[in-house]
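Enquirer: Handing you this structure, nothing more for now.
Following this line, the structure appears as structure tokens:
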């Protein structure tokens, strides 16, 4: 687990980056730890990667300055948009630095935003779909409750299987939105993945070194109850 | 008109950039002129901006090295994708320069392409819709024939109006896909634009200095015959 007391930095105006939800291995950093890092480093900007958790769990946006996310995870949309939530402090810092030589320079984007204009031609269909999905979305507390309940259903499920386990031993570090599963042999992983495909179930590949020995289950709000049931039945049939 | 003989450059490895179709004022550079500039400058890379013409007119891709376009014009799709067509020579030059410090560095994109991978998470819905539209598209020669016929219909139309004219006097310079229209007074432009909106017709604003005195008509393949008819009837009712 991340120990926030180990992250005290002397530098006056640095940026601390934290991956709140690590998609590759299914771990997360809690809101509480992020808040403690914030308190221990009052002069830093803190940037949080929530690619695979924003809109699936409740985040405390006051505890950091920059929040990054993607729409193809918990927002339930096709890939094609990135999201960036900024604190007033981050905006001020960007203005003071005034670096304008990048493509998608933040200063330029912010200037255009003030005029209700886009900096470049945007992905209009993606923006429109995001609006529609957000108009229909439940409050984040309710979404989070559903996410966490489903996460515990999965924990219970893998508690009952013989040859499959959550990859991460320390439950406190578990991500709620990404569930990495290890089995007792490489051969069974291969077979599970290929047969799942035949059933119309696309299991997330394990990442990097973990590719051969794990697969990953997305626990995103847009997934249907019936889809979870189907996947559990399929996995059960493999559990010998 | 662009005189290709005026564009002979001594520099060995420069890049010549040409806007083939100028969306702002409805002019174009012909395939023939681009070909002549190619012949006069054999050592240069030539880059062509065809944002508002690719997929609406036939371009001679052998006459230049880089072709840029957008999907929200002649491809008939919502904005959100840019297209880049590259010659083998452009690829070689990029590899030789090997500049990798940009976001969307071409060298990196090309490396990933070779592995059938994306460099960053793409706009997947846009890519999919582009595929679907391209699968259904006619051959470009047929599309071009339709574009040119409709362009001449518009020329005929404005030949018969009293107070509206094609903005550009020199017909040889006319774009086939963007038709800029000037009227005899600023007041009538304002009225036309606002009443068009009421009829569900969104007229393209004139660009920059031309905003107050012109509007623009898109002559893109996806526009329906009935839509053109409706617009012509609307404009006729204004032509006193």
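Residue numbers (this note's numbering), protein chains in the order written: chain A, 1 to 240; chain B, 241 to 480.
Cβ coordinates follow ideal geometry from the N, Cα and C atoms, glycine included.
#1: What are the residues in the segment 342-364 of chain B lying within 8 angstroms of chain A by C-beta distance?
#2: Which residues share a DSSP beta bridge with residue 180(A)?
#3: Rounded to a whole number of angstroms, what is the C-alpha to C-alpha distance between residue 21(A) and residue 153(A)?
#4: Flag residue 79(A) as yes if its beta-carbon sits less than 8 angstroms from any beta-carbon of chain B, otherwise no.
#5: To which residues of the same chain is residue 79(A) closer than 8 angstroms at the C-beta, ignoring the five residues directly before and after it?
#6: Would you please verify whether the beta carbon of residue 126(A) is less than 8 angstroms from any beta carbon of chain B?
#7: Spell out a yes or no on whether the segment 450-462 of chain B and the segment 426-440 of chain B are touching, meaning 3 or more CB-CB pairs, one atom from each, closer than 8 angstroms.
#8: Using a Cβ-Cβ cut-off of 6 angstroms (strictly less than) and excluding sequence neighbours within five positions of residue 83(A), which residues of its own chain qualify?
#9: Determine the chain B residues that contact residue 72(A) at a beta-carbon separation under 8 angstroms, and present them in chain order.
#10: Rounded to the nearest angstrom, what separates residue 462(B) and residue 315(B) at their Cα positions?
#11: Once you ignore the five residues that flank residue 140(A) on each side, which residues in its own chain have a CB closer than 6 angstroms to its CB?
#12: Can residue 8(A) and residue 40(A) be called in contact, C-beta distance under 8 angstroms?
#13: For residue 199(A), which three-state DSSP category applies?
#14: Could you tell me the distance, in whole angstroms, from the CA atom of residue 116(A) to the CA atom of residue 283(B)?
#15: Would you mind reading off the limits of the beta strand (DSSP E) that contains residue 281(B)?
#16: Whole angstroms is fine: what's the gap from residue 239(A)'s alpha carbon to residue 104(A)'s?
#17: Does the count of Cβ pairs from the segment 249-258 of chain B and the segment 416-430 of chain B closer than 8 angstroms reach three?
#18: Pick helix, strand or coil for residue 21(A), following the three-state DSSP scheme.
Expert: Looking at the coordinates:
#1: Interface annotation for the segment 342-364 of chain B against chain A: 342, 343, 344, 361, 362, 363 and 364, criterion Cβ-Cβ distance under 8 angstroms.
#2: DSSP lists 216(A) as partners of residue 180(A).
#3: In this structure, the CA atom of residue 21(A) is about 19 angstroms from the CA atom of residue 153(A).
#4: Yes, contact with chain B.
#5: Correct list, in chain order: 70, 71 and 72.
#6: By this cut-off, residue 126(A) is an interface position.
#7: The answer is yes - the segment 426-440 of chain B touches the segment 450-462 of chain B, with three or more Cβ pairs under 8 angstroms.
#8: Beyond the five residues adjoining it in sequence on each side, residue 83(A) comes within less than 6 angstroms, by CB distance, of 69 in the same chain, given in chain order.
#9: Chain-ordered, the chain B residues with CB closer than 8 angstroms to the CB of residue 72(A) read 361 and 364.
#10: Take the alpha-carbon of residue 462(B) and the one of residue 315(B): they are about 8 angstroms apart.
#11: 58, listed in sequence order.
#12: A contact, by the Cβ cut-off of 8 angstroms.
#13: The three-state reading of DSSP puts residue 199(A) in coil, since its state is none of H, G, I, E or B.
#14: In this structure, the straight-line span from the alpha carbon of residue 116(A) to that of residue 283(B) is close to 44 angstroms.
#15: From DSSP, residue 281(B) is part of no beta strand (DSSP E); its letter is neither H nor E.
#16: Cα-Cα distance, rounded: 49 angstroms.
#17: Taking one beta carbon from each stretch, the segment 249-258 of chain B and the segment 416-430 of chain B have fewer than 3 pairs nearer than 8 angstroms; the two do not touch.
#18: In this structure, residue 21(A) counts as strand in the three-state DSSP scheme.
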